[in-house]
Structures are given as C-alpha cells and as structure tokens.
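Residues in the sequence shown are numbered from 1 upward in steps of one, following full-length UniProt numbering. Positions of the beta carbon are idealized from the N, C-alpha and C atoms, including for glycine.
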Amino acid sequence: METLFRKCFLAASVAAATACLSSCSHGQKIQIYPENGTSRIKALTTAEYVSTPDGLDVVSHTVTKPSGITFKGNWDLSGCNRLMLDVTNPDPCEYLHLTVQIDNPGCNLSSKTGVFYDTVYISPGETETVSIPLPPRFPHPEVAESFTGMRSTPYSVWGYGSVIDLTDINEIHVYVNKPRSDIKWTLSGLYGITGKPGKLKPWMEKDSSAFFPFIDRYGQFKHNDWPGKTHSNKDLAIAKAEEAKDIAAHPGADDRSRYGGWADGPRLEATGHFRVEKVDGKWWMVDPDGYLFWSHGVVRVTPSTGITPLDAREFYFEELPEKDSPLYQFFFTCDTLLKPYYEVRNIRRTYDFSSANIFRKYGENWRQEFADMAHKRLKSWGMNTIANSSDKSICLMDKTVYTDRIEIKSPYIEGSQSGLWWKFRDPYTEEFAESVRTQLEERRNELEDPWCLGFFVDNEIGWGEAHSIGEWTMLSPASQPAKKEMVRRLKEKYRDIARLNSAWTTSFKSWSDLASSQAGLPEAAKPDLCDFSKAVIRKYFSTTREIFKEIAPEKLYLGCRFARSNPDVLRIAAEYCDVLSYNIYKHDLSTFSLPEGIDKPVIIGEFHFGAKDRGPFHPGLINTYSQEQRGEAYERYVESALENAYIIGTHWHQFSDQATTGRFDGENFQVGMTDICDRPYYETIRHVRNIGYRMYAVRSGRDR
C-alpha cells in the first residue's frame with residue numbers, strides 16, 4: 001500500500017533533482033565522469049564494474065567495508081557548491097543508499113581530517129540526478145579539528161566530514177557502505193557545479209574561545225534551538241505534566257490480552273509460556289494465555305542511553321556536576337550490557353546525561369518513576385514488548401512482555417576478522433558451552449517468568465563468506481581447538497598428507513606441519529574450507545540449542561540477530577533456532593523473504609529512522625527529512641512487517657536518543673522515541689500509535 005511517507009520521499013527526491021538541474025543551467029560543470037579513458041577509475045574493495053555506453057555498471061558485493069568505485073585524479077572544487085551524480089537504481093523495490101566521499105591527499109577517515117562524505121538515496125527503479133552540497137571554507141578550522149568521538153559533529157550540516165581543502169581533491173569514492181547483499185547500480189555522470197558556497201551556521205563563525213564548551217548542563221547542543229529543547233528544570237516539569245495528559249487520553253488499544261496479545265482473535269492452547277505457531281499461513285507467537293501475539297517493541301528501555309565518554313573532552317561540557325551535587329552519581333552509572341565495549345576501548349571517565357535528566361525530572365525516586373512511566377508509555381504507544389538490552393529491573397515488573405540477550409564470552413578463533421563487534425567465538429572450546437550455560441543459569445528468574453518471551457544469543461556476528469570460517473581457522477595457531485578439529489577431519493578424509501597436498505596443490509610435510517601453518521591457502525582448498533565452515537556453524541547453533549533444551553526448555557531461542565550472513569548460515573540456523581532474528585535497516589520490508597526451503601518465524605531485532613531537525617547531529621542509519629517523515633517511515637516499516645507472513649515482530653532501536661557527543665563508538669544518533677531529556681517526540685509517537693493500535697487488524701487482514 002502506498003503511504004504518505006513514500007509519496008513525500010519521492011516528492012522530495014524529485015524536488016531536489018529539479019533544484020539541482022536548475023543549478024546546472026546557471027553554474028558551470030567541472031566534469032569528473034565521464035571523461036576520456038578509464039585509467040583513473042578502480043573498484044573499491046569487493047566491488048566489480050563494467051564500463052558501458054550508459055555509464056559504469058557497478059555491483060557492490062556483500063562485505064563489511066565500503067564497496068563501490070574510486071576516481072583518482074587532481075581536482076580543484078573550491079569554486080563549486082555541490083557535487084552532482086546521475087545514478088540508476090535498477091531494483092524495483094528497494095531504495096539505493098550511496099555514500100559519496102571526497103579526499104585530500106593523506107586524509108584520515110577515522111579522525112575525519114581531510115575527508116568529507118555524505119549520503120544520497122535513489123528511488124526504486126529510477127534514474128535520478130542527485131546533489132551533495134559541498135561545505136564552505138570554515139573560518140575557524142581549529143574548532144572542527146577538536147571534535148573527536150562523534151559520528152557527526154556540529155559542523156556536519158554539510159555531510160559528515162570535517163575540514164577539507166577543496167582546492168586539492170585527489171580521490172572521490174562512490175559506494176554502498178557495508179552492503180548486506182549484492183547491490184547493482186549504474187553511475188552515468190559525476191560532476192561539480194560552480195556557485196556560491198552555502199551559508200555558514202552562526203556557531204561556525206565562532207572561534208574556539210566562543211564555541212567551547214558547546215554542550216549544556218542537559219547534554220544538549222547549546223548553540224542552537226529547536227522545538228522541544230529543554231532550557232530549565234521548569235521545562236521538564238511542564239513536559240511531565242503534558243505527557244501525563246497525553247497518556248490519559250491514549251490509555252492503550254482495547255483489543256489486548258494482559259500480555260499484549262490479540263484478545264479479539266482466536267484463542268489457542270494456554271501453556272503458561274510463549275511459543276510460535278503457524279496459523280492460516282502466517283507465523284505468530286502465542287502468549288501464555290493462548291492468545292495470538294505479535295511483538296511490537298523497542299530496544300534499550302533504560303535510563304542510561306545518554307552515557308558519553310569524557311576522556312580528553314571535558315572542555316566540551318558547560319556544567320559537569322561537582323562532588324557535592326546529587327548529580328555527581330551519574331559519573332558512575334553504567335549500562336551493564338554495553339560496559340565491556342567501553343572497557344575494551346580503555347574509556348575511563350563517562351557521564352550519564354540521560355539518567356541525570358531523569359533525576360532532575362522525577363527526583364530522588366527517579367528509577368522507580370521512570371520504570372513505571374516506561375510501562376505506561378509502551379502501552380499508550382500501542383507497543384507490547386520491552387526488547388533486548390533493557391534495564392532488568394524494568395523488565396521484571398510483570399507489566400510488559402520482554403526479551404533478553406546474552407553474549408557468549410569465550411575464546412575467539414584467533415585468525416578470524418573482527419566483524420561488526422567481536423571476532424568469531426570458537427564453539428569447540430569448553431568455555432563456549434559453559435558461557436551459554438552460566439548466563440542462562442544466572443537468569444533463572446527470567447527462565448521461570450511467563451512475561452519473558454525468550455533470548456537472543458549474540459548480535460550481528462561476522463560470518464564472512466561460505467569458506468571464511470574455515471579460512472580463519474587455518475590462519476589460527478595449532479593450539480586453536482577449532483583447528484585441532486579441522487585437522488582431525490582432514491586426516492579422516494584424506495588419510496595421508498600427500499593426498500591432501502595433491503587435492504590442495506600444497507606441500508605440507510606432515511599433519512603437524514599443516515596444523516602449525518598459519519599461511520593462506522590456495523583456491524583448491526576452498527571446498528574443504530567451506531565444509532568446515534558449515535561444521536563450525538552447526539557446532540555454534542547446536543551447542544546453544546542443546547543448552548536451551550536443558551536449562552530453558554520453555555523459552556524461545558530467538559537466534560543471533562543477523563546483520564549479514566550467507567545461505568549456509570541461514571539454513572543451519574533454521575534447524576536449531578525457534579525464531580530467526582535480523583537487524584534490518586531499510587525503508588520497509590516489502591521485499592523480505594527467506595531462502596527457498598526455509599519456513600521459520602522471523603523477528604526484526606533492530607531498525608530505525610532519524611532526522612537532523614532536532615538537537616543530535618546524526619540522523620542514524622536511515623535518515624529522513626523531519627520528525628514527521630520519521631514517524632511516517634516508522635508506520636510504513638511496521639505495516640510492511642505485519643503484512644509479511646514470516647515476520648512476528650519489530651523492535652525499534654532505540655527508546656531514547658544517544659548522547660549528543662557520542663557513546664563508546666561515537667554513535668550519536670537521533671533515533672529515540674524520547675530525547676536526551678526524556679521528552680517524547682510526539683510526531684513519531686503519533687505514527688507509532690497509529691500502527692500499534694491497529695496492528696492485529698493489519699496482521700489478520702481485517703484492516704483491508
């Protein structure tokens with residue numbers, strides 16, 4: 001069903017393209033592509049391209065790095081105010097997300113020095129001309145050079161870069177960032193357009209002494225204003241009273257069971273715990289009382305979403321509390337799940353702005369009042385699930401259904417890549433099974449709790465390609481348990497090292513020589529690497545499943561929250577998981593399906609949309625133009641999930657905005673249902689309610 005979001009998005013794209021074409025007629029082109037010859041073009045990471053009369057046909061292959069094309073040259077773009085791209089997106093259903101990055105010689109992407117990048121969206125099945133505004137010259141570049149630990153900064157009004165010298169550009173990259181599937185696209189034009197530079201924001205005129213500190217006592221950007229910004233504790237009190245009225249006016253949907261199931265729908269057997277069942281061709285959960293249940297939830301329901309590192313950055317902050325202040329305690333509050341991510345980065349000092357603001361709002365009983373309000377909010381918003389990474393004390397109040405997540409803590413396969421978060425855990429170590437068992441045992445109260453849906457195990461694992469785990473194993477030392485198992489299997493298959501050498505085109509002197517080698521292997525070894533990769537994957541899921549059966553037989557094993565995978569992983573996971581979980585950051589799920597032969601329920605562990613029209617500097621992984629469009633995007637995404645027979649729930653990431661100055665990895669996304677001061681984004685909430693209140697009608701088909 002066409003929604004207002006899609007219409008607005010397409011209209012905005014057309015308007016942008018029209019404006020750009022108008023600019024072209026008044027400005028001069030600085031041609032980058034096409035030009036004579038292709039010697040300055042190269043593939044970026046795993047991408048492939050072919051030059052045709054229509055342009056560059058590119059395939060951005062699945063990889064955890066940027067995948068696209070690079071133009072090498074020497075351009076002076078200082079007279080340009082924008083870059084233009086002519087791009088075709090052949091996919092009839094999915095938006096194409098492209099990043100355009102321009103570099104100075106010797107640029108540093110991690111510190112964002114000498115680099116600038118921005119993103120564009122190409123509508124499904126369209127050829128569009130899109131524009132990227134180029135940043136003007138900043139009068140005080142030393143300010144921008146002081147920004148660290150933030151994905152986007154106060155200078156990111158133009159894209160996401162920092163100070164760049166537009167007179168000396170030596171590389172321009174156009175790519176899909178970390179594609180989760182192979183993506184095809186065509187670039188038929190890339191050029192700069194001359195014109196006046198964009199107008200600086202007022203704070204960009206400030207020197208260091210006037211700009212710093214730039215974060216106020218509430219953790220907000222102090223040099224700008226926006227609707228809903230908190231200027232005083234009185235504002236918090238007013239917001240609290242206004243929200244109480246809003247919740248009273250919207251007490252929740254009236255077709256819900258006590259667990260949030262569909263009270264007006266068919267009632268199945270009541271087992272006292274959640275399970276999954278296929279009904280009339282669609283997958284559902286069934287709640288403990290036997291009602292059909294669809295999980296509409298939000299991740300990280302916790303007061304501590306706004307923790308930010310202070311190390312070497314205290315000059316950013318206007319008013320950190322003194323030791324005699326009751327707000328001093330928030331130097332020490334932490335998020336239990338995310339704490340290891342700070343520790344591994346050696347982050348010593350942090351401040352929890354979100355909890356401090358909740359304290360200001362609710363007083364000494366802030367934890368309990370926030371917890372009570374969280375449950376009221378979710379019910380009022382038409383939601384029925386506290387998703388993973390949330391505060392345990394809030395989950396265990398017997399008011400809202402919840403999920404939990406464990407992360408296996410055991411030795412890695414040493415030769416593995418880091419993936420999105422950690423290296424690959426070795427399931428052949430004794431510690432692997434013990435970690436799963438211990439963490440489930442520690443949650444005994446949850447195992448017996450009917451309000452607990454089940455458990456995710458791990459998050460966004462890096463699986464690599466079909467042969468990767470086997471390859472990583474062979475790059476590991478001989479003491480690696482997985483490598484010992486691999487050598488054992490190879491001995492069993494080949495019997496003699498000479499036969500293995502013949503098959504692999506290698507020259508190992510003995511099985512011991514093979515075990516001790518950490519060198520790369522030839523292409524001929526790939527079939528065996530693929531076979532062992534599947535063995536490791538099976539060991540990972542089967543071990544976890546066995547322990548669930550032993551310790552948590554009444555709880556759902558919700559899978560590992562795929563960010564990307566390969567068909568072997570999915571097929572094996574489907575044998576052992578009760579539910580397959582995916583973190584899918586797209587505009588909607590209208591094209592989502594499982595590989596042929598797999599019929600399992602699916603839950604969406606993460607998705608979000610953001611915008612830059614409020615305080616935070618970064619709009620998240622999928623950006624929109626405003627809070628209203630963010631709400632429209634939310635409604636469309638969840639509706640498309642409800643219409644998919646496999647999907648049994650969506651969990652938004654996350655309950656509240658991240659810290660303005662970034663968390664442990666620099667994420668500072670405007671993706672909350674509430675802001676850093678615990679104030680709801682009502683434009684978004686209106687759409688959350690709209691789909692939440694009618695979700696069972698949509699799922700059942702009664703809404704048509």
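Asked                                                                                                               : Found
Where Cys677 falls, given that 16 or more other Cβ within 10 Å makes a residue buried                               : buried
Length of the line joining the Cα atoms of Ser23 and Ile193                                                         : Confidence is the limiting factor: at Ser23 the pLDDT is only 38, short of 50, which leaves the residue's position unreliable, though a coordinate-based value still follows. C-alpha separation (whole angstroms): 7 Å.
Three-state secondary structure (DSSP) of Arg258                                                                    : coil
Pro481 in three-state terms, based on DSSP                                                                          : helix
Spatially closest choice to His618 from Ser232, Gly228, Thr62 and Ser156, by CA coordinates                         : Ser156
Check whether Arg349 and Phe331 have beta carbons under 9 Å apart                                                   : yes
Local Cβ density within 10 Å of Ala237, reported as buried at 16 or more and exposed below that                     : exposed
Buried versus exposed, by CB contacts within 10 Å (16 or more), Trp226                                              : exposed
Buried versus exposed call for Phe562 [16 or more other C-beta atoms within 10 Å across all chains shown]           : buried
Alpha-carbon to alpha-carbon, Ala312 and Leu490                                                                     : 52 Å
Nonlocal neighbours in the same chain, by C-beta distance under 8 Å from Ile604, ignoring five residues either side : Ser581, Tyr582, Asn583, Ile584, Leu589, Ala641, Ile647, Gly649, Thr650 and His651
Buried versus exposed call for Pro680 [16 or more other C-beta atoms within 10 Å across all chains shown]           : buried
Alpha carbon of Asp568 to alpha carbon of Asp531, nearest angstrom                                                  : 10 Å
For Phe315, the three-state DSSP class (helix, strand or coil)                                                      : helix
Sequence-distant residues of the same chain with beta carbon closer than 6 Å to Asp216, five excluded per side      : Lys222 and Glu318
Cβ neighbour criterion (16 or more within 10 Å) applied to Phe9                                                     : Residue placement at Phe9 is flagged as unreliable, the pLDDT there being 40, under the threshold of 50; a coordinate-derived value is accordingly withheld.
Buried/exposed call for Ser416, threshold 16 Cβ in 10 Å                                                             : buried
With 16 other Cβ atoms within 10 Å as the buried cut-off, status of Lys361                                          : buried
Limits of the unbroken alpha helix (DSSP H) element including Trp511                                                : Trp511 to Ser516
Local conformation of Lys539 per DSSP, three classes                                                                : helix
Burial state of Asn108 (16 or more Cβ within 10 Å)                                                                  : exposed
For Tyr101, the residue or residues it bridges with in DSSP                                                         : Checking the sequence shown, residue 101 turns out to be Gln, not Tyr. Tyr117 and His173.
Proximity of Pro179 and Thr62 at Cβ, strictly below 9 Å                                                             : yes
Completely contained alpha helix (DSSP H) runs for the segment 311–386, where each covers 4 or more residues        : 339–344, 353–362 and 366–380
Environment of Phe315 [buried if 16+ CB atoms lie within 10 Å]                                                      : exposed
Contact between the segment 182–190 and the segment 74–82 (3+ Cβ pairs under 8 Å)                                   : no
Within 9 Å, strictly: CB atoms of residue 784 and Ser188                                                            : No answer is possible for residue 784: the residues shown for the chain start at 1 and end at 704.
Exposure label - Gln93; buried when at least 16 CB within 10 Å                                                      : The question names Gln, yet the displayed sequence has Cys at residue 93. So Cys93 ends up on the exposed side.
Spatial distance of Tyr351 from Thr661 (CA atoms)                                                                   : 11 Å
Where Ile469 sits in the DSSP three-state scheme                                                                    : helix
One or two residues paired with Glu128 in a DSSP bridge                                                             : Val87
For Tyr428 and Thr544, the rounded distance between their alpha carbons                                             : 12 Å
Cα-Cα separation, Ala482 to Glu205                                                                                  : 58 Å
Residues near Thr45 by beta carbon distance below 7 Å, same chain, minus five either side                           : Val63, Lys65, Pro66 and Ser67
Simplified DSSP assignment, three categories, for Thr684                                                            : helix
Environment of Pro616 [buried if 16+ CB atoms lie within 10 Å]                                                      : buried
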